Ligand code: ADP
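In the working numbering, the protein residues as written are 63 to 465.
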């Protein structure tokens, strides 16, 4: 027996007819295609062959004789239910085989047709079966889409929850660091004010050490508050740059001068500057903040006796600023994190300069954000115990602020 399908071009529905009755196997497809033109009917006289085809193809309905040699229609129905439960199966029963018909329905048959076949009834049953199959598949697709949507929603909720937990942990960490860092200068302010009170009472005002300490503590608190403000502006996307053309060499020299005047204990700076001006369109206040942060860190994390060197140079259309110290350096595994918000290398407290505190872990974060907003980048090279070099690159062809 050949298994040639009776085909129609552009057919959408596909049904499989299984019957060992050759006459019926050829007559029924004609009956079907005459009434349902776009249907593709495949035929086979064997249930085993039908199962093989079912493995490669999805059918919209299967019509099978109930009595066949070898595997019969009921066994085939059972196998179809297992492999392709959405495919409706119509069974053809002999005249008066009610018991078999009931068995078929109990076994999950969609319908049964009695021989001799009533053409109208058969075609209606087939159309209903095909329609049911389409609906079942639509439901399955929608169910899958819903399931995958639910899965993606679950993943999104988990991700957001994690982000919120991290943000909450960062906030807690920040509150603890901020309160701790602000408490130190506040305590010295309180102590110095009490001392001044006593001296005023005793009229001993020749020594101005207390004033110096107050100034330093106030300056420290000012820096902390400025860092907090800058971070909050960055986070809100509101860090506005007011860019104007500036000579980077002159700008760096001014910052170095200011830093040397305020550094306590005094610091030795070695500078190497180009002889020509390097004009870049920058926000001078923010770029000064960048350099001051790097110098403060270089000072904070190295011995007072070791000089800090600053090298400003032109590399193509870029102004490169290198700040090098011979301080404690940074472990390789910490390097990827030092530009993150609130990140502070642990256990540096004992190694930082006595007059400085470690800080909020915001300086390098702010520095990097400012550099990025100027279209530049910042990198670091460091060896524990030998020192660090921070390199900032700022493009010389930046855009002037239109405001
Ligand atoms: P902080 O206010 O704590 O100094 P920063 O963001 O400026 O915060 O720096 C982050 C961390 O990077 C610091 O805690 C410090 O451990 C490390 N670090 C920064 N600069 C240097 C440097 N020049 N030498 C060694 N460690 C540094």
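Ideal placement from N, C-alpha and C gives every residue a C-beta, glycine not left out.
Fair warning: this is a prediction, and the values are worked out from it, not measured in the lab.
In this structure, the ligand ADP has no non-hydrogen atom nearer than 7 Å to the beta-carbon of residue 211.
Contact residues of the ligand ADP (beta-carbon closer than 7 Å to any heavy atom; chain order) are 355, 359, 360, 362, 363, 364, 387, 389, 390, 391, 392, 400, 405, 406, 407, 410, 420, 421, 422, 423, 424, 425, 426, 427, 444, 450, 452. Selection 173, 443, 94 evaluated against residue 393 yields 443 as nearest (Cα-Cα). With contact defined as three or more Cβ pairs closer than 8 Å, the region 112 to 128 and the region 182 to 198 are in contact. Beta-bridge partners of residue 176 (DSSP): 155. By the CB criterion at 8 Å, residue 361 and residue 325 fall inside the cutoff. The residue among 355, 150, 159 with its C-alpha nearest the C-alpha of residue 173 is 150. Going by beta carbons, residue 112 and residue 138 fall inside the 8 Å limit. The Cβ atoms of residue 343 and residue 388 do not sit closer than 8 Å to each other. Look at the beta carbons and you see the region 170 to 185 touching the region 91 to 105: at least three pairs across the two are nearer than 8 Å. Between residue 427 and residue 402, the beta carbon gap of about 6 Å places them in contact (Cβ cut-off 8 Å).
A distance of 8 Å or more separates the beta carbons of residue 379 and residue 291. The three-state secondary structure of residue 402, taken from DSSP, is coil. In this model, residue 266 and residue 253 are separated by some 16 Å (Cα to Cα). According to the DSSP secondary-structure assignment, residue 381 is paired through a beta bridge with 376, 456. Taking the CA atoms as reference points, residue 398 sits about 14 Å from residue 408. Note on geometry: alpha-carbon atoms of residue 404 and residue 322 lie some 27 Å from one another. By the 16-neighbour rule on beta-carbons within 10 angstroms, residue 259 is exposed. Assignment of residue 82 by DSSP, reduced to helix, strand and coil, places it in the coil class. Considering only 235, 219, 289, the residue with the shortest C-alpha distance to residue 424 is 289. Of all alpha-carbon atoms in 105, 135, 348, 220, the one lying nearest the alpha-carbon of residue 175 is that of 135. Uninterrupted alpha helix (DSSP H) stretches at least 4 residues long and entirely within the region 252 to 302 occur at 271 to 297, given in chain order.
In the three-state reduction of the DSSP assignment, residue 309 falls in the strand class.
With at least 16 other beta carbons inside 10 angstroms of its own, residue 345 counts as buried.
Restricting attention to 319, 181, 284, 250, the CA atom closest to the CA of residue 272 is found in 250.
Just so you know, the alpha carbons of residue 369 and residue 357 end up roughly 11 Å apart.
For residue 352, no beta strand (DSSP E) segment is defined; the enclosing uninterrupted segment is the alpha helix (DSSP H) at 346 to 362. Between residue 432 and residue 348, the C-beta gap is smaller than 8 Å, which places the two residues in contact.
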